[in-house]
Every structure is written in C-alpha cells, then in structure tokens.
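A quick write-up on the structure given underneath.
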Amino acid sequence: MDQLYEYDREPVSDKSLQSGWRFAGLYAGEHVAATEFVIGAFFVLHGVSASDLVGGLLLGNALAVLSWAFICAPIATQTRLTLYWYLRRIGGPRLMAVYNVVYGTLFCGIAGAMISVSATAVGLGLNIPSPALDAVYPSSVGWVAVTLVIGALMTVIAILGFEKLSQFAEICSPWMFVVFLAGALSMLPQLGVATDFSNFWEIAETKIWTGQVTEGQEKFGFWHIAFFAWVCNASFHLGLTDMATLRYAPNWKFGFFSAFGMIPGHMLAWMCSGVMVAAVAREMNPGLMAYEAAGIAGAFAVLIAGWTTANPTLYRAGLAFQAVSPNWSRWKVTLIAGAITTVMSCFPVLFIRLLDYLGIFGVAVVPVGSIVFAEHMLFPRLGIRQAVDWLGDSSLNRPAALTWLVTIVVAAIGLQYTSIHLFYMPVLAWIFAVVFYTLIRKAGGDQ
Amino acid sequence: MKRIAQLVALIALGVCLFVPIQRFHGEVSDEQYKTTFAVASLAWFIFAPMSLRRNQ
Numbered sequence: 024m025d026q027l028y029e030y031d032r033e034p035v036s037d038k039s040l041q042s043g044w045r046f047a048g049l050y051a052g053e054h055v056a057a058t059e060f061v062i063g064a065f066f067v068l069h070g071v072s073a074s075d076l077v078g079g080l081l082l083g084n085a086l087a088v089l090s091w092a093f094i095c096a097p098i099a100t101q102t103r104l105t106l107y108w109y110l111r112r113i114g115g116p117r118l119m120a121v122y123n124v125v126y127g128t129l130f131c132g133i134a135g136a137m138i139s140v141s142a143t144a145v146g147l148g149l150n151i152p153s154p155a156l157d158a159v160y161p162s163s164v165g166w167v168a169v170t171l172v173i174g175a176l177m178t179v180i181a182i183l184g185f186e187k188l189s190q191f192a193e194i195c196s197p198w199m200f201v202v203f204l205a206g207a208l209s210m211l212p213q214l215g216v217a218t219d220f221s222n223f224w225e226i227a228e229t230k231i232w233t234g235q236v237t238e239g240q241e242k243f244g245f246w247h248i249a250f251f252a253w254v255c256n257a258s259f260h261l262g263l264t265d266m267a268t269l270r271y272a273p274n275w276k277f278g279f280f281s282a283f284g285m286i287p288g289h290m291l292a293w294m295c296s297g298v299m300v301a302a303v304a305r306e307m308n309p310g311l312m313a314y315e316a317a318g319i320a321g322a323f324a325v326l327i328a329g330w331t332t333a334n335p336t337l338y339r340a341g342l343a344f345q346a347v348s349p350n351w352s353r354w355k356v357t358l359i360a361g362a363i364t365t366v367m368s369c370f371p372v373l374f375i376r377l378l379d380y381l382g383i384f385g386v387a388v389v390p391v392g393s394i395v396f397a398e399h400m401l402f403p404r405l406g407i408r409q410a411v412d413w414l415g416d417s418s419l420n421r422p423a424a425l426t427w428l429v430t431i432v433v434a435a436i437g438l439q440y441t442s443i444h445l446f447y448m449p450v451l452a453w454i455f456a457v458v459f460y461t462l463i464r465k466a467g468g469d470q
Numbered sequence: 030m031k032r033i034a035q036l037v038a039l040i041a042l043g044v045c046l047f048v049p050i051q052r053f054h055g056e057v058s059d060e061q062y063k064t065t066f067a068v069a070s071l072a073w074f075i076f077a078p079m080s081l082r083r084n085q
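Top line first, the protein sequences correspond to chains A and B.
If you use the numbering used here, the first sequence corresponds to residues 24 to 470, in order.
If you use the numbering used here, the second sequence corresponds to residues 30 to 85, in order.
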C-alpha cells in the first residue's frame, strides 16, 4: 500500500499504471475480510428469505460495480489524483482537513469492529463470552482486557511492520476465501443438505434464510439487502475514496474489476457466513461460528481476518490524520489512530451494529463525493465555473461546505422523522448533495 | 526450490478445498476434517511466503 500511495500529492505517471490482474487481486483481497463473518450472519438474524437474499445481493452488488465503473473510475483515471488531493483543490485546505478528521475517525470505528471480531476468537480460548446482541458497552472485564491487548498489538505491528503485515494479508487472502467455502460446506450436512444438493434450496429456505427474525432484530427484505450491498462500500465508490486505487488504472473500464471483490466477498462469503451462523443456532459469535465450521484453523481465520482488515484500515486512518498534520511522523499518527481504534473496540456495539455503522459512514462521507462528481463531471457540461478555477488561495469552498453540512442535517432529519431506512440514505444523500451543490453554484454561490 | 514451494503451497490450498468436500460427502469424520484442514492451512502459511519471497 505504501507503493500505492507514493504519488500522494501528484498525478500518477503512465509508467506506474497497473495491470488488470493486480486490480482483480486487490479487490478480491480487500472484500473477503473479517466484516464478511459478521454481515452475512446478520442477514440470517434479520430474517431475510433465501430468494430476497440472492436477488438483493445480485442487484446490489451489480449497482456497486456500476458505481465504481461509471462514477469513481472515470474521475480517478482522468485526474490520476487521490480524493484527498483533488478535494483540496476543489474544496480548499480547510474542507479537506475536516473531511480527513471525519473520515479517519469513522475508519477507526471499522478497525475497532474488526478488533472486536478478533476478540470473539480469542475469547473462545479464554472462555470470555461474546457480547449479547443488544450490547452497547463492554460486557465484562475480560472482554475489555482482550480487546485492549489485541488493539495494542495491532497498533504496534501497524507501526513497526505495516509492509510485512500487508504481505501477510496477501498470503491470507486466497486461504481466507477457502475458509468461508470450507466452513459453509462442512456445516451443510448438519443442516440436512443431501450430498447431491437436491434439497439445498429447501434447506436454505427452511433452516438458513428462513424469513424468521431473531428477537430484537429488524426484519430485512429484498430492498434492504440490495441497498446494503450497494452502499456498504459507498464511501469507496460514491464517496470516491477508491480514487486512491483506481488512479493507477489505465482506463475507466478497470472499475469493473471491483466485481472480483463483490462476487467472492459480498456474495459468496456473506452466504457462507449465513450458513455458518445458522448451523450454530444463530449465535452471533464469529469466533464460535468459524471454530465449529473449521476447527482451530477457523478460529485462527477470524483472528487474523480482523487483524489483516484492521491493519490497512489503521493505515488509511493514519494517512487521513497525517494530511491534517503533515509535520507529524507516520508512527505518531498511526499511534493516535490505533489508540482511538483500541478504545472504540471495547464497545461491542460497533460490531453488533456494524451494518448500521456502515450506513452512517456512507451518509457522512458520500456528500463529499457528490461535490467532486458535480465539479468534475457536471459543471463542464452545464457551463458552471469549476472551483479549481476560482478558489485560488481561498482556504474554503463555502458552497461545498454548506452542501456537506445541509446534506447531513437533511439526512439526519429524514432518518429521525420519516420511514426512510438508513440503508437507502447514502444514495439519497448522494443525489441530494449533487442537486443542491449544482443549484447553489448555478445560482452564483462562488463564495 | 521456488517451484517446489509454489507447488506445495498450491497442494496445501487444494487440500483445504478438498477435505471439506470429503466431509460434506461423509467420507471423513469431523475430527479428521478439522485436523487435516489445520495441517494443510499450516502448510499454506509456511510455503506460500517462501514462494512469494523468491519471486521478488
């Protein structure tokens, strides 16, 4: 990843463009991760039916790939810049600074959830119970101790050996996918699936994705699944943070390589973790699920999946914080990101409510992607003067800041006072921000 | 050595894939499946880095 960020403030040169295989590997590795153990299992607990699951995942993942290909990749390959640097030119240094703090902090939350997932595996060996489904605060001293130790270790290793752990993560990637497949396959006989798969769909409908909601969980249907699959990485595609990766693509069509992450990760791995949780009587404990499904190797998979997912996440959060304080060394910002992450990981609500957290993450950051999209793709066609032409030495693009703020306030009001589901909101927020920003800029809001 | 490490790593990953299929068909016990899976996983983590290191 250090190599990927070598051009952090300048366009990527032609000699550094990457092959399709590199992108396929990158996406496959990134989207078969610890979160998959949690997300697929929660779909079962939320009472989705088998047909809604399959249909929703097909539609949602297709929309996600299209968002990468038609929104993120064209801007990335035309500018060859990271979002951070392009946003600095469009929104000014102050907007970029605020964005980086928000983005970095939210990313710490995801890394914290990954530490919690790892803690469920370690907790198995130490007899520390996994938090209940309604847990918000730490459930025991043991849980706090385990998360703090894992968080501290992850932080130290992220500081000392980020590159080594990245290489380790590359090795883990194919094996991790095999763990999902193996875990699900080995659990199918326990659920009653015949060896010729003749009754698979019947078992899927009656014992796995039964449509029955676990107590205390919200009922999910087709559209919940479709929109979640679309927006769970909204910050990457609609929010444009994946410009950091796709600026190395020879052309915009490389955005379609995101399918190499969506199909194995956000289709198969989610379905496999659904099978695993159904086979352990819907107990939401990733460590237990994997241990029952694949023995000690499965528990190890959960531990290192959390670790290898948290590592680049900590790195990204550190990069975001470093953009705000460029004089600080990398180890110092990683230490700060690690400390925030470790404290957050003590609170099980982060992984228990991971689906909601990803939705909130999307709502918070996609308006910035909307602003960049409007500036780059729409304004030249609409004859609106682009911010890069008038911002000059100004430190803040006020219409952009207003757009971001208004969008978040409107989204919060919408979530509070209407029946619009959180999973629909990132897409609505993205559309609203594009329209709002275009209108106020069209009305002459250059200052 | 490079080719051997690559080959062993691939075989190990293949075993990781094959043994749950055997488990699914009831050809091995749960304990045999989990032990074989763990050993094959260990082999993957030993030989895959060796083959990668030699590629650089």
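Each residue gets a CB set at the ideal place from its N, CA and C atoms; glycine is no exception.
Computed from a prediction, not measured in an experiment: that's the story for all the values here.
Best match in A/136, A/188, A/189 for proximity to residue 171 of chain A [C-alpha to C-alpha]:
A/136
Expressed to the nearest angstrom, what Euclidean distance is found between the alpha-carbon atoms of residue 126 of chain A and residue 387 of chain A?
8 angstroms
Taking 8 angstroms as the threshold, find out whether the segment 208-218 of chain A comes into contact with the segment 344-362 of chain A through three or more Cβ pairs.
no
Leaving out five residues on either side along the sequence, give the residues of the same chain with a beta carbon under 6 angstroms from the beta carbon of residue 28 of chain A.
Low confidence applies here, because residue 28 of chain A scores a pLDDT of 46, under 50, leaving its location unreliable; read the following figure in that light. Contacts found: none.
Is the CB of residue 44 of chain A under 8 angstroms away from at least one CB in chain B?
no
Spatially closest choice to residue 52 of chain B from A/168, A/148, A/218, by CA coordinates
A/218
Neighbourhood of residue 94 of chain A by C-beta distance below 7 angstroms, restricted to the same chain and skipping five residues each side:
Excluding positions up to five away in sequence, the list reads 260, 261, 396.
Taking residue 32 of chain B as the query, report the chain A residues whose CB atoms sit under 9 angstroms from its CB, ordered along the chain.
Residues of chain A passing the Cβ test: none, with the nearest at roughly 18 angstroms.
If you run the structure through DSSP and keep just helix, strand and coil, what is residue 90 of chain A?
In this structure, residue 90 of chain A counts as helix in the three-state DSSP scheme.
Report yes or no: do three or more beta-carbon pairs, one from the segment 415-428 of chain A and one from the segment 451-467 of chain A, lie closer than 8 angstroms?
yes
For residue 233 of chain A, which residues does DSSP report across the bridge?
A/72
Where does residue 17 of chain B sit, in a helix, a strand or coil, going by DSSP?
Given that chain B is displayed from residue 30 to residue 85, the structure contains no residue 17 of chain B and the question cannot be resolved.
Min CB distance residue 50 of chain B to chain A below 8 angstroms
yes
Measure from the alpha carbon of residue 197 of chain A to the alpha carbon of each residue in A/372, A/442, A/54, A/434, then state which is nearest.
A/54
Anything in the segment 182-206 of chain A with a Cβ closer than 9 angstroms to a Cβ of chain B? List those residues in chain order, please.
190, 191, 193, 194, 195, 197, 198, 201, 202, 204, 205, 206
Since residue 151 of chain A and residue 165 of chain A are thought to touch, with beta carbons under 8 angstroms apart, how far apart are those beta carbons, to the nearest angstrom?
4 angstroms
For the segment 211-232 of chain A, list every residue whose C-beta sits within 7 angstroms of some C-beta in chain B, in sequence order.
Listed by position along the chain: 211, 212, 218.
My guess is that residue 96 of chain A and residue 269 of chain A are in contact by the Cβ rule of under 8 angstroms, so how many angstroms apart are they, rounded?
Indeed they touch by this definition, with Cβ atoms about 5 angstroms apart.
Please list the terminal residues of the continuous alpha helix (DSSP H) segment that includes residue 379 of chain A.
377-396
Following the continuous alpha helix (DSSP H) through residue 247 of chain A, name the residue where it begins and the one where it ends.
245-254
C-beta neighbour in chain B for residue 162 of chain A, strict 8 angstroms
Contacts with chain B at 8 angstroms (Cβ-Cβ) do not include residue 162 of chain A.
In chain order, what are the residue ranges of uninterrupted alpha helix (DSSP H) at least 4 long that sit wholly in the segment 89-165 of chain A?
96-102, 106-114, 116-149
Determine, using beta carbons only, whether residue 296 of chain A comes closer than 8 angstroms to chain B.
no
Scan the segment 316-337 of chain A for residues whose Cβ lies nearer than 7 angstroms to a Cβ of chain B and list them as they occur along the chain.
The segment 316-337 of chain A vs chain B, Cβ under 7 angstroms: 317, 318, 319, 320.
Are residue 252 of chain A and residue 87 of chain A close, meaning C-beta to C-beta below 8 angstroms?
yes
Could you list which residues in chain B have their beta carbon closer than 7 angstroms to that of residue 209 of chain A, in chain order?
Neighbours of residue 209 of chain A on chain B, chain order: 49, 52, 53, 62.
Name the two residues that bound the continuous alpha helix (DSSP H) containing residue 355 of chain A.
353-368
Going along the chain, which residues of its own chain have a beta-carbon closer than 8 angstroms to the beta-carbon of residue 34 of chain A, five neighbours each way excluded?
102, 103, 104, 270
Could you tell me if residue 56 of chain B is buried or exposed, where buried requires 16 or more neighbouring beta carbons within 10 angstroms of its beta carbon?
exposed
Residues that residue 58 of chain B contacts on chain A, provided the C-beta gap is smaller than 7 angstroms:
By Cβ distance, chain A contributes nothing, its closest Cβ being about 11 angstroms from residue 58 of chain B, past 7 angstroms.
Local conformation of residue 257 of chain A per DSSP, three classes
coil
How would you label residue 222 of chain A, buried or exposed, when you count the other beta carbons within 10 angstroms and need 16 or more for buried?
With fewer than 16 Cβ atoms within 10 Å of its Cβ, residue 222 of chain A is classed as exposed.
Cβ pair residue 374 of chain A, residue 61 of chain A closer than 8 angstroms
A contact, by the Cβ cut-off of 8 angstroms.
Inter-residue spacing [alpha-carbon to alpha-carbon] between residue 368 of chain A and residue 149 of chain A
One C-alpha to the other measures close to 18 angstroms.
Can you list, in chain order, the residues of its chain with a C-beta nearer than 6 angstroms to that of residue 46 of chain B? Leave out the 5 residues immediately preceding and following it.
Counting only Cβ-Cβ distances below 6 angstroms, and skipping sequence neighbours, we find nothing.
For the pair the segment 115-131 of chain A and the segment 289-304 of chain A, tell me if three or more CB-CB distances fall below 8 angstroms.
No, the segment 115-131 of chain A is not in contact with the segment 289-304 of chain A.
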